[in-house]
Each structure stands twice: as structure tokens, then as C-alpha cells.
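There are 2 protein chains.
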Amino acid sequence: MTVSEPTPLPDRSAEPTAAADLSLHAAEERFIEAMGLMHEEDRLPRIAGRLVGLLILSPDPVRFDHLAERLRVSRASISTNTRLLENMGVIQRVTRPGDRRDYFQINQEPGLLLRIVDRFRARQASAEEMKQALLPEPGAGGIVAERLDWFIRFYSTLADSLNSVLAAMASRDGNSRPGPA
Amino acid sequence: MTVSEPTPLPDRSAEPTAAADLSLHAAEERFIEAMGLMHEEDRLPRIAGRLVGLLILSPDPVRFDHLAERLRVSRASISTNTRLLENMGVIQRVTRPGDRRDYFQINQEPGLLLRIVDRFRARQASAEEMKQALLPEPGAGGIVAERLDWFIRFYSTLADSLNSVLAAMASRDGNSRPGPA
DNA sequence: CGGTTTGTTTTGTCAAGACTGAACACGATG
DNA sequence: CATCGTGTTCAGTCTTGACAAAACAAACCG
Numbered sequence: 783m784t785v786s787e788p789t790p791l792p793d794r795s796a797e798p799t800a801a802a803d804l805s806l807h808a809a810e811e812r813f814i815e816a817m818g819l820m821h822e823e824d825r826l827p828r829i830a831g832r833l834v835g836l837l838i839l840s841p842d843p844v845r846f847d848h849l850a851e852r853l854r855v856s857r858a859s860i861s862t863n864t865r866l867l868e869n870m871g872v873i874q875r876v877t878r879p880g881d882r883r884d885y886f887q888i889n890q891e892p893g894l895l896l897r898i899v900d901r902f903r904a905r906q907a908s909a910e911e912m913k914q915a916l917l918p919e920p921g922a923g924g925i926v927a928e929r930l931d932w933f934i935r936f937y938s939t940l941a942d943s944l945n946s947v948l949a950a951m952a953s954r955d956g957n958s959r960p961g962p963a
Numbered sequence: 783m784t785v786s787e788p789t790p791l792p793d794r795s796a797e798p799t800a801a802a803d804l805s806l807h808a809a810e811e812r813f814i815e816a817m818g819l820m821h822e823e824d825r826l827p828r829i830a831g832r833l834v835g836l837l838i839l840s841p842d843p844v845r846f847d848h849l850a851e852r853l854r855v856s857r858a859s860i861s862t863n864t865r866l867l868e869n870m871g872v873i874q875r876v877t878r879p880g881d882r883r884d885y886f887q888i889n890q891e892p893g894l895l896l897r898i899v900d901r902f903r904a905r906q907a908s909a910e911e912m913k914q915a916l917l918p919e920p921g922a923g924g925i926v927a928e929r930l931d932w933f934i935r936f937y938s939t940l941a942d943s944l945n946s947v948l949a950a951m952a953s954r955d956g957n958s959r960p961g962p963a
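Chain order of the listed sequences is F and C. This note's numbering puts the last residue of the first sequence at 963; the count rises by one with no breaks. This note's numbering puts the last residue of the second sequence at 963; the count rises by one with no breaks.
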């Protein structure tokens, strides 16, 4: 799982910005790996997360084969995961005239975030259904109904506030950037 | 994965509330399964989720072996998963004097929710670290920094609002209930 | 003590799914 | 048309983790 560095770049003493570059590189590595783990928690393949991390850090669109090279994974994995992210609206495939190759850039990423909202809504809905089924019961106004209420209220509030954060952010910088869904 | 019913309780036709009971039972089944799926999304074993669902619906503490029986899983799985949830502060093991057996009840469940907050905070922190590393760079105020800012702002806002929802709910009914962390 | 009840730990099996290499498709290019 | 460049798909391997059965531990009972 841990990567081995074939080129340790031993000629470091010459350049003044070398140290900064290196630590930046290390930080990038960490960020990318962290994004990999994060997205794995969200049931996405680790490579997809790393892809997102890398593309967040890349000001310009990145070439398909550069992705494979930089992340040290097979082109097959890049193909699969770019497609996945593309379909989710998280990244965007761009092409250039006279260039057969594919480039990718992130897509100011609410795609992922909307997924979270959906999950919360689903939980809320599930508890609501249960509450409904419970209603005709005699003496059903007890602890169980209370718990379900708590549950429902929590998730609905959460989804709402998440939505409003998204909306606020979209209106603030969504007009300057290509702004997807 | 689908359960089969060995004891259909055939003597139900006598009671007038039979229909309601049945649909309630079905709804419970659905709720429990839904909770299983939900928690699986959060990287917990499915059985743990079902356990949470069942305990939410149980007004009184439930006996260890009843859990196994009701969910139709092995006692080993119950043991493992109750322990897991207990350590997470999601459920509570209770005992009764003169009774060797263990009972479980849900622990008005912020345990799970705090996990979500932690995840958000971790994401925010990761982006912040990256931003720091980026700072000394020349011309680093570009798109990348902007994206990281967006990211940071989003997750911190989210975690904050989640916390405040939790706090509001805790203060509203936390004093009547045993109220854990 | 032997045997029972209750819960835990260990061991093995199984399934899901991530990742890869290899075969493939297909347009471009000499 | 043969070949190369580029990306996709397929088939196989490998890891991970959930789950169960069985062995185990410990408290209780006769």
C-alpha cells in the first residue's frame, strides 16, 4: 500500500526553493491520500478519492495518462474511476482541438455533497415511515415515538442546513466559476 | 439475506388488532433493515445497524439472546456488535439484580452523530493543512487556494451547524432522558 | 465437584469489490 | 492497409471484512 520512491532527488542542496518544493510535494501527497481515505468512507473507490484530491490541486486540466503516472495506478483504473466521477458530476472531461487525448478537471464539487444530503433525507424518510406505521397503535405515544421524532428532526434539520450552506456558497462564487449543478 | 418465518404465529385471527399488528411488524422489519443499510454506509457492520434499529423500537431493554433470536443471527455476532456499539456509546448494557443475563438499550444516540461531525472536521483539517503548505508558494493565491477555501468553509460550516443541532436537541430533551455524551 | 447458563474469542468460510494486465475497439497517420 | 496512440472492457487475483460454528471462560447451581 505504501509507495516507494525510486528517485529520492539527492541533488537538493543547490536550489533555494528546493526545500519548499519538497515539503509542498509531501503535503500534496498527504492531501491526496487523505482524500482517498475520505472518499472510501463514502463508499467510493479509493482511487476515485485520490483522483479528486489530485484534481483539486491541479489548476489546469490533467491528461489521462498523467493521472495514471502520477497516482501510480493502471490506466484501466483511471478509466473506470474518471468515468465514475464524471457520471457523478464531480469531475469533467475536457478535450482540446487537434488533441486526441482526454483531460480532466474538477467540477466545483457539489456533486459529492448532494449525495450526503440525499443520505440524510433517506434516513429521515425511513424514520417517518416507521412513525406512520406506529400511529394507529394504542399507547404508541411513548418513548419509541419520541425517539423517532428526535431522529426525524435531527436529520431533517441537518439536511436543511446542509442545503442552505450549499446554496449560500453557490450564490457567492458560483457565478464566477463554471458552476455545475 | 431474506428472512424466513419459522413461527408465523397462526393464532392471530382471534384478535381485532391483528391487521394493525401485522403491518406494524412489517414496518418494523423494514425499519430495522433500513437501519442496517444506513449504518453499513457508515462503515459499520450491517448487524450493528439492525441492532440499533431494533433497540430504537424497543421501549424496554432487550435481552441478549432475544436479540440473536429476533434478528436471526448468531450469538457470536450479537456479542461482537453489541460490544462495538457499546464502546461507541450508541447503546448501553444494563443488568438487573438477581439476573445473570445482559440487557441492552439504546443510548439516545448522539454517539453515531458525533462520528459524523468528526469526519467533517477531519476533512476540514486536511484541507487546512494543504492550504498552509501552499502558502509560501509564489502565485499560490490562485484557483487552488480558492478551492481549498471553499472546501474548508463548507465543512467547517457544516460541522458547526451539526453541532448546534445536537446541542439544541440535547438541551431540549437531554434532561428528561439519561442523556449520554 | 459435574453440569448449566450466559457471553466471549477464535478459526474458518464466504462474498464483495478494488485493482490490474491483457485483450479489445477504433480513429488517426504514415 | 499496417501500425500507433488512446481509452475501454473483460477476466482474474487479491484483500477485506462480515458472519457463523465451535471451543472456551466464568459464574452459578445441585
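Cβ atoms here follow ideal geometry from the backbone N, Cα and C, with glycine treated the same way. Only a predicted model underlies this, so the values are computations on that prediction, with no experimental measurement involved.
Listing by chain order, which chain F residues have their CB less than 9 Å from the CB of residue i?
{"i": "A809 of chain C", "result": "E911, M912, Q914, A915, L916"}
Hey, does residue i have any beta-carbon neighbour from chain F nearer than 8 Å?
{"i": "I838 of chain C", "result": "yes"}
{"i": "F813 of chain C", "result": "yes"}
{"i": "L806 of chain C", "result": "yes"}
{"i": "L944 of chain C", "result": "yes"}
Which residues in chain F have a C-beta closer than 7 Å to the C-beta of residue i? List them in chain order.
{"i": "E823 of chain C", "result": "R825, R901"}
{"i": "T939 of chain C", "result": "V947"}
Specify the secondary structure class of residue i as computed by DSSP and reduced to three states.
{"i": "R905 of chain F", "result": "helix"}
{"i": "V855 of chain F", "result": "coil"}
{"i": "D884 of chain F", "result": "strand"}
{"i": "V876 of chain F", "result": "strand"}
{"i": "R865 of chain F", "result": "helix"}
{"i": "R832 of chain F", "result": "helix"}
{"i": "R825 of chain F", "result": "coil"}
Going along chain F, which residues have a C-beta under 8 Å from residue i?
{"i": "L867 of chain C", "result": "Ordered by position in chain F, no residue passes the 8 Å Cβ test against L867 of chain C, which lies about 15 Å from the chain."}
Answer yes or no: does any C-beta atom of chain C fall closer than 8 Å to that of residue i?
{"i": "G924 of chain F", "result": "yes"}
{"i": "R929 of chain F", "result": "yes"}
{"i": "P879 of chain F", "result": "no"}
{"i": "M820 of chain F", "result": "yes"}
{"i": "P843 of chain F", "result": "no"}
Alpha carbons only, please: which of the options is nearest the one belonging to residue i?
{"i": "M951 of chain C", "options": "F:A950, F:M820, F:Y937, F:N945", "result": "F:Y937"}
{"i": "M817 of chain C", "options": "C:L836, C:A808, C:H807, C:L806", "result": "C:L836"}
{"i": "R854 of chain F", "options": "F:H821, F:D931, F:E815, F:E823", "result": "F:E815"}
{"i": "L940 of chain C", "options": "C:L806, C:L896, C:M912, C:K913", "result": "C:L896"}
{"i": "V926 of chain C", "options": "F:G893, F:S840, F:E868", "result": "F:S840"}
{"i": "T877 of chain C", "options": "C:I860, C:L806, C:P843", "result": "C:P843"}
{"i": "A809 of chain C", "options": "F:D942, F:E911, F:L948", "result": "F:E911"}
{"i": "D847 of chain F", "options": "F:S946, F:Y885, F:K913", "result": "F:Y885"}
{"i": "G871 of chain C", "options": "C:A850, C:L894, C:M820, C:R828", "result": "C:L894"}
{"i": "F902 of chain F", "options": "C:E823, C:H807, C:A915, C:R882", "result": "C:E823"}
{"i": "D931 of chain C", "options": "C:D942, C:S943, C:L916", "result": "C:L916"}
{"i": "A949 of chain F", "options": "F:V899, F:G880, F:R828, F:L819", "result": "F:V899"}
Can you pull the chain C residues whose beta carbon is under 9 Å from the beta carbon of residue i, in chain order?
{"i": "M951 of chain F", "result": "W932, R935, F936, T939"}
{"i": "R905 of chain F", "result": "A816, M817, M820"}
Can you list the residues of chain C that residue i reaches, using a CB-CB cut of under 7 Å?
{"i": "S908 of chain F", "result": "F813, A816"}
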